[in-house]
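Chemist:
In our numbering, the protein residues as written are 0 to 115.
1) Could you check if residue 29 is buried or exposed, using at least 16 other CB atoms within 10 Å of its CB as the buried criterion?
2) Less than 8 Å between the beta carbons of residue 47 and residue 69, yes or no?
3) Determine which residues share a DSSP beta bridge with residue 174 and list them.
4) Using the three-state DSSP reduction, which class does residue 26 fall into: helix, strand or coil?
5) Would you mind sorting residue 98 into buried or exposed? The rule is 16 or more other CB atoms within 10 Å of its CB.
6) What residue range is occupied by the uninterrupted beta strand (DSSP E) comprising residue 61?
7) Is it buried or exposed, residue 108, if we count other Cβ atoms within 10 angstroms and call 16 or more buried?
8) Thinking C-alpha only, which one of 34, 82, 87, 52 is nearest residue 63?
9) For the beta strand (DSSP E) holding residue 49, just list the boundary residues, first then last.
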């Protein structure tokens, strides 16, 4: 029987910046959840987005009224992405991310910033 459990780790992205979280799964950073600085509507005060180095559909990001709702929406989108993406494609994305991080370490330059 296949285990369909997805474990996400949500921790502060930077120690000095409140309400901005990195989301990790299986040792990879896969996204962010943060309080929207310019939230003009109370139902959109938190935003979330999947950030992996591959083309992503529009539903891979969104907004929510509170942090818990953002976590739930992110989790649902990540589960959907896993179901709709071939494992080989995700593996290529992880390899690309690793290569970019290695190159940054070798050159002393900061790693590339993933938009979001």
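The C-beta atom is built at its ideal place from N, Cα and C for all residues, glycine as well.
Modeler: On the basis of the supplied data:
1) buried
2) yes
3) The question about residue 174 has no answer here: the residues shown for the chain are numbered 0 through 115.
4) coil
5) Residue 98 should be labelled exposed.
6) Residue 61 -> beta strand (DSSP E) spans 60-63.
7) exposed
8) 34
9) Where residue 49 is concerned, the enclosing beta strand (DSSP E) stretches over 45-49.
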